[in-house]
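These notes are about the structure you will find just below.
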RNA sequence: GGAGAGGUGGCUGAGUGGUCGAAAGCGGCGGUCUUGAAAACCGUUGAGCCGUAAGGCUCCCAGGGUUCGAAUCCCUGCCUCUCCGCCA
């Protein structure tokens, strides 16, 4: 959520900045609602003040043993009048916050202009696309040939966009997960957390998935109204919801491994082959809660932490800066890491690292106590995948494939593979 | 699943219809004393909204209700704890 004060004081400037990302702000409606809200709020508060002082007077009179009947007569009707105003105000406020909750974040000034994915500039490239003396197979061919990756079984068990893995390949995914968690906790100073995979609507509002993107989520149908998490960002960032952190606790760095569930509504026909786009996938997430002055440094740092994983796995990748037209709803700035996939002869997103500034913190009321002012102020939140495990598995399979269809184990994963150095048909 | 007890400020905890945003203690901050520290003593110490300010308003788990007036009474929900049952 944007700062309502900013919207009041600088509506046109906000509107212009949002136009960069292709969002049209309905300034007229906003202004009208805001004016009405203010008028009604003042009236309501005046009535409340009157009720309070009258009631206090009645209390005193009663204590003094006076007859309060005439005083009661005076306040007749005041209650109803107040109730009506309060209801009017509540309605207006609901409408206003509803509108506010649907406004995306303002892109940072350093975010390049652009309309969509094709306008994202490449910031840097690491490694060279892996060369093979033959036409590289994709992970589907590799995995099925090895007899360790099965989409048919998954569609029988559930439906499309799921997979079953077996044997060393299943273990390889676990190895990737362990390696990532170990690296982030040991080398990068993150604290590992285990969190629920089902969350309530408040959490999703906090990080910005609700109210706008309900159709992307799986929702439970039982008595409890819960959602399957689309990313660990939701439960992990919401750990700070409604709390005030002390300055010496910052920065807070969390990492978590969770499955992620996405309905992928609207992506019919996209990436239908393989495990690039699944309803369920594993991800290791990095989250930082930082003082506002630190968030852009933290973004660079966190992006570097995610890159470390790719480098240690010796996977070629590049970093792109999302342009103003491609950036996500809650983010002020985002870097995507794209890994080289020989099977597609393309770079594909494997991590997305964003600074949300105070956008999520305001929705969550996640604050810190600024020692300079002594007052609670909003935190900044930064997060990124470190990395998407499913896609990392795809990348390892495709980049480490050998002519005979076997897959070598990257050196850094060998300690996690129990002596397996090459995945072969078993 | 059955029975019961609760949810109050950073923490412990008092408050069961009126001047209560809320006693007391702890913790925090500032000071006195001290070479320094501790102890003791004094003061101070929740969050948000409107307002230049004075001041006003809201918040005692959440949402409804009763009342001139609700932290306090009633209803619903959520959460926590205890006992029994069941269970990974």
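Residue numbers (this note's numbering): 163 to 588. Even for Gly, the Cβ is constructed at its ideal location relative to N, Cα and C.
For residue 300, count neighbouring C-beta atoms within 10 Å of its own C-beta (all shown protein chains included) and say buried if the count is 16 or more, exposed if not. Against the first chain, residue 300 aligns to sequence position 138. The residue is buried, with at least 16 neighbouring Cβ atoms inside 10 Å.
Going by C-alpha distance, which of 203, 174, 249, 284 is nearest residue 510? The residue given as residue 510 occupies position 348 in the first chain. The shortest C-alpha separation from residue 510 is found at 284.
On the DSSP bridge assignment, give the partners of residue 423 in chain order. On the first chain, residue 423 is found 261 positions in, with the first residue counted as 1. Answer is 442.
For the alpha helix (DSSP H) holding residue 247, just list the boundary residues, first then last. Counting from 1 along the first chain, the entry for residue 247 is found at position 85. Per DSSP, residue 247 belongs to the alpha helix (DSSP H) from 240-263.
Identify, in the order they occur along the chain, each residue of the same chain with its Cβ nearer than 6 Å to the Cβ of residue 550, setting aside the five sequence neighbours on each side. The count along the first chain starts at 1 and reaches residue 550 at position 388. Closer than 6 Å at Cβ, skipping near neighbours: 445, 512.
Closest Cα partner of residue 262 within the set 392, 522, 341, 382: Against the first chain, residue 262 aligns to sequence position 100. Taking only the C-alpha atoms, the option nearest residue 262 is 522.
Count the other C-beta atoms from every protein chain shown that fall within 10 angstroms of the C-beta of residue 193, then say buried if there are 16 or more, exposed otherwise. Against the first chain, residue 193 aligns to sequence position 31. The residue in question, residue 193, is exposed, as its Cβ has fewer than 16 Cβ neighbours within 10 Å.
N- and C-terminal bounds of the alpha helix (DSSP H) containing residue 228: The count along the first chain starts at 1 and reaches residue 228 at position 66. No alpha helix (DSSP H) holds residue 228; DSSP gives it neither H nor E.
Could you tell me the boundaries of the alpha helix (DSSP H) in which residue 550 lies? Working through the first chain from its first residue, we reach residue 550 at position 388. It is not in any alpha helix (DSSP H) - residue 550 instead sits in the beta strand (DSSP E) that spans 542-550.
Go through its chain and collect everything with a Cβ distance to residue 120's Cβ below 7 Å, but skip five positions before and after it. Outside the displayed span of the chain (163 to 588) sits residue 120, for which this structure offers no information.
Are the CB atoms of residue 471 and residue 269 nearer to each other than 8 Å? If you number the first chain from 1, residue 471 lands on position 309. If you number the first chain from 1, residue 269 lands on position 107. The answer is no: Cβ separation not under 8 Å.
Go ahead and pull the three-state DSSP assignment for residue 538. Here residue 538 refers to the residue found at position 376 when the first chain is read from its first residue. Of the three classes helix, strand and coil, the one that applies to residue 538 here is strand, per DSSP.
Count the other CB atoms within 10 Å of the CB of residue 266; is the residue buried (16 or more) or exposed (fewer)? Within the first chain, numbered from 1, the residue matching residue 266 stands at position 104. Label assigned to residue 266: buried.
Residue span of the alpha helix (DSSP H) that contains residue 284, given as start and end: Within the first chain, numbered from 1, the residue matching residue 284 stands at position 122. Here residue 284 belongs to no alpha helix (DSSP H); instead the beta strand (DSSP E) covers 284-288.
Any idea what DSSP makes of residue 202, helix, strand or coil? To locate residue 202, count along the first chain from 1; it is residue 40. Correct three-state label for residue 202: helix.
Quick test of your reading: residue 571 and residue 559, contact by CB under 8 Å. State the CB separation rounded to the nearest angstrom. For the purposes of this step, residue 571 is taken as residue 409 along the first chain, with counting starting at 1. For the purposes of this step, residue 559 is taken as residue 397 along the first chain, with counting starting at 1. Contact doesn't hold; Cβ gap of about 11 Å is too wide.
Check each candidate in 586, 476, 531, 529 and name the one with the smallest Cα separation from residue 575. Taking the first residue of the first chain as position 1, residue 575 is located at position 413. Cα-wise, what sits closest to residue 575 is 476.
Residue 405 - partner residues in DSSP beta bridges: Mapped onto the first chain, residue 405 falls at position 243. BP columns for residue 405 are empty, so no partner.
Alpha carbon to alpha carbon, what distance is there between residue 330 and residue 310? Here residue 310 refers to the residue found at position 148 when the first chain is read from its first residue. Here residue 330 refers to the residue found at position 168 when the first chain is read from its first residue. Taking the straight line from one Cα to the other gives about 8 Å.
Which listed residue (225, 372, 165, 313) has its alpha carbon closest to that of residue 491: The residue labelled residue 491 in the question sits at position 329 within the first chain. Of the listed residues, the one whose Cα sits closest to residue 491 is 372.
In the DSSP output, which residue or residues are listed as bridge partners for residue 107? Past the boundaries of the shown model lies residue 107; the chain is included only from 163 to 588, so the question cannot be answered.
Could you check what DSSP says for residue 268 in three-state terms: helix, strand or coil? By one-based count along the first chain, residue 268 stands at place 106. Three-state result, residue 268: coil.
Rank 220, 225, 243, 241 by C-alpha distance to the C-alpha of residue 232 and give the top, closest one. Counting from 1 along the first chain, the entry for residue 232 is found at position 70. Of 220, 225, 243, 241, the residue nearest in Cα terms is 220.
Can you say whether residue 296 is buried or exposed, counting buried as having 16 or more other CB atoms within 10 angstroms of its CB? Counting from 1 along the first chain, the entry for residue 296 is found at position 134. Exposed: under 16 other Cβ atoms inside 10 Å.
Using the C-alpha atoms, what's the distance from residue 487 back to residue 183? The residue you call residue 183 lines up with position 21 of the first chain. The residue you call residue 487 lines up with position 325 of the first chain. Distance between the alpha carbons of residue 183 and residue 487 is about 4 Å.
Run of the alpha helix (DSSP H) containing residue 380, from where it starts to where it stops: Indexing the first chain from 1 puts residue 380 at position 218. No alpha helix (DSSP H) contains residue 380, which DSSP labels as neither H nor E.
Any 3 or more C-beta pairs closer than 8 Å across the region 377-395 and the region 339-351: no
Indicate whether the contact test is met: 3 or more Cβ pairs, each with one atom in the region 418-431 and one in the region 499-510, closer than 8 Å. no
Residue 337 beta carbon less than 8 Å from that of residue 326: Your numbering for residue 326 matches position 164 in the first chain. Your numbering for residue 337 matches position 175 in the first chain. Cβ atoms of residue 326 and residue 337: not closer than 8 Å.
Name the residue from 409, 419, 494 whose alpha carbon lies nearest to the alpha carbon of residue 537. Position 375 of the first chain, counting from 1, holds the residue named residue 537. When each option's Cα is compared against that of residue 537, the closest is 409.
Excluding sequence positions up to five away, which residues of its chain have a Cβ less than 7 Å from the Cβ of residue 568? Here residue 568 corresponds to residue number 406 of the first chain, with the count starting at 1. Correct list, in chain order: 584, 585, 586.
Quick one: Cα of residue 430 to Cα of residue 206, how far? Residue 430 sits at position 268 when you count from the first residue of the first chain. Residue 206 sits at position 44 when you count from the first residue of the first chain. Distance between the alpha carbons of residue 430 and residue 206 is about 50 Å.
Is DSSP giving residue 389 helix, strand or coil here? Working through the first chain from its first residue, we reach residue 389 at position 227. Strand at residue 389.
Where DSSP assigns a beta bridge to residue 485, which residues make up the other side? Start at 1 with the first residue of the first chain, and residue 485 comes out as number 323. Looking at the DSSP assignment, residue 485 forms no beta bridge with any residue, so it has no partner.
Using beta-carbon positions only, say whether residue 130 and residue 542 come within less than 8 Å of one another. Residue 130 is absent from the structure shown; the chain starts at 163 and stops at 588.
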